[in-house]
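Residue numbers (our numbering): 55 to 409.
Beta carbons: idealized from backbone N, C-alpha and C, even for Gly.
Computed from a predicted model, the values in this text were never measured in an experiment.
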């Protein structure tokens, strides 16, 4: 603990904020997930492999004499061998928050959580399928930016939250038909209401991304979702739609540069979760489509598609220890043609230990 406090003290001292204690407060959380994954793609025999994933997170915060809370943190993740630091968050006495540096996008922050299966099952592999795979597929921003969140009574409406974000990369290289992010804007809102035994959350927003590419159109995506909780049952659904631009280091699906577009894209997700004692049953479905190609040409040909259905059972063995069994079935298509190498079924059995 002494080492952690010294590190926190150095971080806070480097920030130069007045009115803070010499050492900021720090908390640590983590988990270790271990199990076995079986994959049976449509083009190969069934294979089995081990899966281990560890994460360790440190949160650092302190409150000034005026009541302003300043917080940051970082994650240490074995998976991908990555170190993931956070920016700064300022929490005001009103409940409003301001994220600075690596702030993210408002549209993502306000989405209602849609339940889905747990576990590490899935079929991975190299593919040129570029169909959307999440509600936040339009999420793109530079680390230089901010996101502002209101308290849970925006505009005097109890249960309403709103947020706005902006980031800039205006010193990026100006190109012709390749995509280099220039500016990103996002607006989001969510509303929580309770009627009887049911609590409903509705949320979403829009993402707008500008590109340095002279021949690359700006991209706008809208996303929204809804969830309802009644006792032990949670259900939810979401939808997103809009064109996006992406970068790539290699030629991607007919693209002749290092950037490509996915046009006419949309994504749908639905799921449910039921808790019974120490057991949690969950099921989820997702479907994404989009037409990929060069950034400076009109969409043509058939769409890429991605569909996945998954289910899982979690059992709490002891405090902080959960056993999981899960199954998934995935289908991918590239320009209308099935991609058997990354389509098929998968199951997972393992345990998650957290602290």
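Please report how far the alpha carbon of residue i lies from the alpha carbon of residue j, in whole angstroms.
i, j, result
"residue 363", "residue 241", "30 Å"
"residue 318", "residue 296", "6 Å"
"residue 221", "residue 97", "43 Å"
"residue 143", "residue 196", "17 Å"
"residue 118", "residue 256", "34 Å"
"residue 287", "residue 250", "14 Å"
"residue 380", "residue 400", "8 Å"
"residue 341", "residue 384", "10 Å"
"residue 130", "residue 112", "8 Å"
"residue 175", "residue 373", "24 Å"
"residue 128", "residue 79", "14 Å"
"residue 168", "residue 294", "13 Å"
"residue 332", "residue 262", "43 Å"
"residue 304", "residue 387", "Low confidence applies here, because residue 304 scores a pLDDT of 48, under 50, leaving its location unreliable and the question unanswered by this model."
"residue 192", "residue 214", "23 Å"
"residue 335", "residue 219", "36 Å"
"residue 203", "residue 368", "33 Å"
"residue 320", "residue 161", "16 Å"
"residue 298", "residue 194", "9 Å"
Quick one: residues in its chain with C-beta nearer than 6 Å to the C-beta of residue i, no 5 flanking neighbours on either side, listed in chain order?
i, result
"residue 145", "123 and 151"
"residue 338", "170, 171, 325 and 364"
"residue 121", "147"
"residue 389", "355 and 356"
"residue 205", "148, 149 and 150"
"residue 125", "115 and 143"
"residue 94", "100, 398 and 399"
"residue 254", "247 and 282"
"residue 105", "89, 91 and 174"
Buried or exposed: where does residue i fall if 16 or more other Cβ atoms within 10 Å of its Cβ makes it buried?
i, result
"residue 207", "exposed"
"residue 402", "buried"
"residue 103", "exposed"
"residue 280", "buried"
"residue 186", "buried"
"residue 343", "buried"
"residue 326", "buried"
"residue 199", "buried"
"residue 159", "buried"
"residue 309", "At residue 309 the pLDDT is 49, less than 50, meaning the model places this residue with poor confidence; the figure from the coordinates comes in the next sentence. Residue 309 comes out buried."
"residue 330", "exposed"
"residue 209", "exposed"
"residue 138", "exposed"
Can you check which of these residues, the options, is closest to residue i by C-alpha distance?
i, options, result
"residue 81", "262, 289 and 110", "110"
"residue 239", "274, 251 and 215", "274"
"residue 359", "369, 78, 167 and 345", "345"
"residue 212", "246, 323, 293 and 196", "246"
"residue 409", "218, 83 and 79", "83"
"residue 77", "138, 116, 108 and 217", "116"
"residue 382", "366, 389, 294 and 373", "366"
"residue 85", "107, 79, 91 and 141", "107"
"residue 216", "153, 163 and 335", "163"
"residue 361", "168, 334 and 323", "323"
"residue 156", "167, 201, 368 and 289", "201"
"residue 173", "298, 328, 92 and 289", "92"
"residue 290", "328, 194 and 407", "328"
Would you say the beta carbon of residue i is closer than 8 Å to some non-hydrogen atom of the ligand MG?
i, result
"residue 381", "Of the ligands one can find in the structure shown there are none, so the ligand MG has no counterpart to examine."
By Cβ distance, which residues of its chain are closer than 8 Å to residue i, with the 5 residues on each side in sequence left out?
i, result
"residue 184", "300, 306, 307, 314, 316, 344, 346 and 358"
"residue 405", "87, 88, 89, 371, 375, 376, 377 and 378"
"residue 165", "189, 190, 242, 244, 257, 258, 259, 277, 278, 279 and 292"
Near residue i, what residues of its chain come up, given a Cβ to Cβ distance below 7 Å and the 5 sequence neighbours on each side ignored?
i, result
"residue 284", "251 and 252"
"residue 153", "141, 143, 200 and 201"
"residue 56", "Residue confidence is low: residue 56 scores 39 on pLDDT, short of 50, so the model does not pin down where it sits. Its coordinate-derived value is still stated next. Nothing meets the Cβ criterion."
"residue 407", "85, 86, 374 and 375"
"residue 75", "Residue placement at residue 75 cannot be trusted, given a pLDDT of 46 that sits under 50; what the coordinates show is reported in the next sentence. Only 116 meet the Cβ criterion."
Does the structure place the segment 387–407 close enough to the segment 178–187 that three or more beta carbon pairs sit under 8 Å?
yes
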